[in-house]
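Quick note on numbering: our numbering labels position 129 of the sequence shown as 141, and the sequence is numbered without any gaps.
Ideal Cβ placement from N, Cα and C applies to all residues, glycine included.
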Amino acid sequence: MPLQIVHHPDYDASFAVNHRFPMSKYPLLMEALSARGLAGPEALSMPRPAPASWLKLAHAASYVDQVLACEVPEKIEREIGFPVGPRVSLRAQLATGGTVLAARLALLNGIACNTAGGSHHARRAQGAGFCTFNDVAVASLVLLAEAAARNILIVDLDVHQGDGTADILGDERRVFTFSMHGDRNYPARKIASDLDVALPDGTGDAAYLERLGGILPELTARAPWDIVFYNAGVDVHADDRLGRLSLSNEGLRARDDMVIRHFRALRIPVCGVIGGGYSTDVAALAARHAILFEVASGFA
Numbered sequence: 013m014p015l016q017i018v019h020h021p022d023y024d025a026s027f028a029v030n031h032r033f034p035m036s037k038y039p040l041l042m043e044a045l046s047a048r049g050l051a052g053p054e055a056l057s058m059p060r061p062a063p064a065s066w067l068k069l070a071h072a073a074s075y076v077d078q079v080l081a082c083e084v085p086e087k088i089e090r091e092i093g094f095p096v097g098p099r100v101s102l103r104a105q106l107a108t109g110g111t112v113l114a115a116r117l118a119l120l121n122g123i124a125c126n127t128a129g130g131s132h133h134a135r136r137a138q139g140a141g142f143c144t145f146n147d148v149a150v151a152s153l154v155l156l157a158e159a160a161a162r163n164i165l166i167v168d169l170d171v172h173q174g175d176g177t178a179d180i181l182g183d184e185r186r187v188f189t190f191s192m193h194g195d196r197n198y199p200a201r202k203i204a205s206d207l208d209v210a211l212p213d214g215t216g217d218a219a220y221l222e223r224l225g226g227i228l229p230e231l232t233a234r235a236p237w238d239i240v241f242y243n244a245g246v247d248v249h250a251d252d253r254l255g256r257l258s259l260s261n262e263g264l265r266a267r268d269d270m271v272i273r274h275f276r277a278l279r280i281p282v283c284g285v286i287g288g289g290y291s292t293d294v295a296a297l298a299a300r301h302a303i304l305f306e307v308a309s310g311f312a
């Protein structure tokens with residue numbers, strides 16, 4: 013069976029081309045996956061919007077209602093980084109539904125990936141940092157509520173610390189949150205994950221992979237994981253304009269292979285989400301995101 017990929021055309025909320033958040037990377041990612049033979053009809057699933065009942069497992073009911081009604085206060089919109097109109101609201105609901113669907117497909121097939129997701133700055137009370145809803149936190153709590161999983165591991169390798177995920181899941185002992193990120197990057201005020209590893213500016217392939225390779229066995233030993241959510245943010249790349257680390261394309265590929273190979277060798281399902289990536293060369297950015305899917309397809 014091919015790698016199961018979750019996608020929806022409305023992941024693209026059609027921002028202006030000069031917006032700091034490169035929204036056009038979503039359709040370009042699908043073009044890249046099609047060019048690589050990974051996006052055939054037997055591989056693709058389309059999510060439905062996450063219902064309010066799921067969203068309110070992770071987020072304050074008042075904030076969820078504001079997003080669904082497109083009535084988010086301006087102060088919170090500024091922290092998110094864009095207005096929450098109908099297209100942004102729908103996109104957030106779909107991306108979250110997409111991660112829940114990808115998680116269910118991973119439990120069935122061993123591995124699956126969402127072509128969005130990794131919105132790890134959205135906290136319980138509100139969104140922030142280009143993140144409206146925290147899809148991985150929502151999906152984790154949905155799986156727990158449905159008894160589809162008992163122990164969940166989140167491996168967050170986006171260059172920015174997963175403060176929102178830590179905020180939402182800090183008291184949930186059935187979920188372990190691990191974030192390896194740039195030390196001197198957003199957010200300025202971090203919220204402690206269960207395990208945080210902060211890397212100095214300029215960290216390159218060899219040092220990054222050595223540090224990660226030492227941590228993965230420690231994570232495995234902590235619990236009998238039923239599923240791993242893997243945030244494969246590519247903003248660790250040397251050419252990312254918000255990253256400050258120095259990984260190459262080869263380093264990204266080695267990182268993704270290291271994570272996925274480690275957990276699949278133990279027969280632990282892996283749900284991949286794309287996380288962050290910021291570049292004015294959006295085609296090159298989409299190609300970096302495609303690396304996750306290329307690597308994951310080798311384990312399908």
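Asked                                                                                                                                                                : Found
Quick check on Gly263: does DSSP put it in helix, strand or coil?                                                                                                    : helix
Thr111: buried (16+ other C-beta within 10 angstroms of its C-beta) or exposed?                                                                                      : buried
What is the DSSP secondary structure of Ile180, counted as helix, strand or coil?                                                                                    : helix
Nearest to Leu207 by CA position, among Asp213, Leu224, Asp217, is which residue?                                                                                    : Leu224
Within its chain, find whatever has a CB closer than 7 angstroms to the CB of Ser65; leave out the 5 residues flanking it on each side and keep chain order.         : none
Please state whether DSSP places His301 in a helix, a strand or coil.                                                                                                : helix
Among Ala151, Arg48, Ser36, which residue has its Cα nearest to the Cα of His71?                                                                                     : Ala151
Apart from the five residues on each side of it in sequence, which residues of its chain come closer than 7 angstroms, Cβ to Cβ, to Phe291?                          : For the sequence presented, residue 291 should be read as Ser rather than Phe. Contacts found: Pro34, Asp251, Asp252, Arg253, Leu297.
How is His31 classed by DSSP in three states: helix, strand or coil?                                                                                                 : coil
Between Gly194 and Asp213, how many whole angstroms is the CB-CB distance? I'm expecting something under 8 angstroms.                                                : 7 angstroms
Would you check if the distance between the CB atom of Val96 and the CB atom of Thr144 is smaller than 8 angstroms?                                                  : yes
Using a Cβ-Cβ cut-off of 7 angstroms (strictly less than) and excluding sequence neighbours within five positions of Leu69, which residues of its own chain qualify? : Val150, Leu153, Val154, Ala157
Following the continuous alpha helix (DSSP H) through Asn121, name the residue where it begins and the one where it ends.                                            : 98 to 121
By the 10 Å Cβ neighbour count, where 16 or more other Cβ atoms means buried, how is Met192 classified, buried or exposed?                                           : buried
Only counting the same chain, and skipping five residues up and downstream in sequence, which positions put a Cβ closer than 7 angstroms to that of Glu54?           : Pro14
According to DSSP, simplified to helix, strand and coil, what is Met270?                                                                                             : helix
With Thr232 as the anchor, note down where its alpha helix (DSSP H) starts and where it stops.                                                                       : 217 to 232
Comparing C-alpha positions only, which one of Arg116, Arg99, Gly122, Gly129 sits nearest to Thr108?                                                                 : Gly129
Could you give the residue range of the beta strand (DSSP E) that holds Ser191?                                                                                      : 187 to 194
Please report the straight-line C-alpha distance between Leu259 and Asp217, rounded to a whole angstrom.                                                             : 5 angstroms
Excluding sequence positions up to five away, which residues of its chain have a Cβ less than 8 angstroms from the Cβ of Val307?                                     : Arg265, Asp268, Asp269, Ile272
Have a look at Pro85 and Pro199 and give me their C-alpha separation to the nearest angstrom.                                                                        : 21 angstroms
Find the nearest neighbour of Thr189 within the set Arg196, Leu169, Gly289, Arg201, judged by alpha-carbon distance.                                                 : Leu169
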